[in-house]
Amino acid sequence: MYLDKFILPIEEESSLIEQQAERNGGEFGYIDNTYPCGIFSKKRFPEFSFSKITILYGGNGSGKSTLLNLIANKLELYKTNK
Numbered sequence: 004m005y006l007d008k009f010i011l012p013i014e015e016e017s018s019l020i021e022q023q024a025e026r027n028g029g030e031f032g033y034i035d036n037t038y039p040c041g042i043f044s045k046k047r048f049p050e051f052s053f054s055k056i057t058i059l060y061g062g063n064g065s066g067k068s069t070l071l072n073l074i075a076n077k078l079e080l081y082k083t084n085k
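Heads up: the sequence shown is residues 4 to 85, going by this note's numbering.
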């Protein structure tokens with residue numbers, strides 16, 4: 004499986020996602036988890052373009068693992084315990 008690009012929700016889209024989650028819950032609606040909304044809102048890279056080899060680098064807490072987890076979740080890749 005190859006991935007050309009991955010686009011994170013921008014602040015406006017995050018707000019719309021949160022509003023939709025509230026509406027879907029009806030009168031008992033609440034937002035328990037708006038992941039990935041707001042995770043990278045202060046970062047400058049809402050879109051990632053990938054090449055044959057792409058290296059993610061950065062300091063501790065910069066979001067490398069979080070980004071990989073988001074991509075894996077979107078692609079419906081799941082860990083198996085063997």
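Beta carbons: idealized from backbone N, C-alpha and C, even for Gly.
Item                                                                                                         : Value
Nearest-angstrom Cα separation, counted from Gln23 out to Lys86                                              : This structure gives no information on residue 86, because the portion of the chain shown stretches from 4 to 85.
Outcome for Leu80 when other beta-carbon atoms lying within 10 angstroms are tallied against a minimum of 16 : exposed
DSSP-derived helix/strand/coil call for Lys82                                                                : coil
Exposure of Leu70, with buried meaning 16 or more beta-carbon neighbours within 10 Å                         : buried
Where Ile10 falls: helix, strand or coil (DSSP)                                                              : strand
Phe53 versus Tyr5 - alpha carbon distance                                                                    : 9 Å
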